[in-house]
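Protein chains in written order, with our numbering: chain A, 1 to 112; chain B, 1 to 111.
Think of the CB as a built atom: it goes at the ideal place given N, C-alpha and C, for glycine as much as any other residue.
Being a predicted model, the structure only gives us computed values, none of them experimental.
Everything on this sheet refers to the single structure shown next.
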Amino acid sequence: EPEVTQTPSHQVTQMGQEVILRCVPISNHLYFYWYRQILGQKVEFLVSFYNNEISEKSEIFDDQFSVERPDGSNFTLKIRSTKLEDSAMYFCASRLPGYTQYFGPGTRLTVL
Amino acid sequence: GQQVMQIPQYQHVQEGEDFTTYCNSSTTLSNIQWYKQRPGGHPVFLIQLVKSGEVKKQKRLTFQFGEAKKNSSLHITATQTTDVGTYFCALNTGTASKLTFGTGTRLQVTL
């Protein structure tokens, strides 16, 4: 069964450093999402991406965040200058029109 | 935006006991989805409810959507240790169909 993959599974970085989280959505999916989950809390929407542009973003997704689909398979989330409060699990998800979202296994980001 | 609250926050049951989690909104919902997240895992889609009063079953799991479409419940009959995890309700909203998750109910099952 096709699945969303994410790399790395765990990323440790120093405060102020840039990080790029990578996702490979399911191959024929058209809508792509990033969510985050701070330890012990609910899953929060960050951004959605369709037709090579952001279709919606949350208040969390400020100027420090950006997304890109550099080629036909990868979907990346960049955090320009990480803060301690960016420590969380980041999930990528993808879907077909009219269908439910499939989540990747997540990247655990730890900012020291 | 729309928000949903879930109760209880945490439930600990003995294997074989039943379990119910409730999802409540102050506004009418167009639909509601349920997800399960195993410890250390990612959310996995369980079901979507759309119609008022809708009831759907998946083996030991029963999902209900309230008549007023402001609340929903997930009931597990005769829990097993494999049911351990956090159960989230979620709203599918916006032009991009983003998911707005509830606060979740963490279920612990012991023998």
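Taking a C-beta distance under 9 Å as the contact criterion, A:Arg95 and A:Tyr102 qualify as a contact pair. For A:Ser48, the C-beta contacts it makes with chain B under 7 Å involve Ala96 and Lys98, in order along the chain.
An exposed status is given to A:Asp63, since fewer than 16 other beta-carbon atoms sit within 10 Å of its beta-carbon. A direct Cα-to-Cα measurement between B:Phe19 and B:Arg106 gives close to 11 Å.
Under the criterion of beta carbons closer than 8 Å, B:Phe45 and A:Thr100 qualify as touching, at roughly 5 Å.
No residue range can be given for B:Lys51, since it is assigned to no beta strand (DSSP E) and is classified by DSSP as neither H nor E. Burial state of B:Gly40 is exposed, judged by a 10 Å Cβ sphere holding fewer than 16 other Cβ atoms. Across the structure, B:Thr79 and A:Tyr50 are spaced so that their CA atoms are roughly 40 Å apart.
As the crow flies, the alpha-carbon of B:Gln6 is around 14 Å from that of B:Thr27. Pairing A:Gly104 with A:Ala93 gives a Cβ-Cβ distance under 9 Å. Sequence-distant Cβ neighbours of B:Gly53 in its own chain, meaning closer than 6 Å and more than five residues away, are Glu67.
Residues of the segment 57-74 of chain A that bring their beta carbon within less than 7 Å of a beta carbon in chain B are absent altogether. A direct Cα-Cα distance of roughly 31 Å separates A:Leu39 from A:Asp71. Taking a Cβ-Cβ cut-off of 9 Å, A:Val12 has no neighbours in chain B, whose nearest Cβ is about 17 Å from it.
Between B:Thr77 and B:Val109, the beta carbon gap of about 13 Å keeps them out of contact (Cβ cut-off 8 Å). The closest CA to that of A:Ile60, considering only A:Tyr35, A:Gln14 and A:Arg69, is found on A:Tyr35. According to the DSSP assignment, B:Asn71 belongs to the beta strand (DSSP E) that extends over Asn71 to Ile76.
As DSSP reads the structure, B:Lys98 sits in a beta bridge with B:Thr93.
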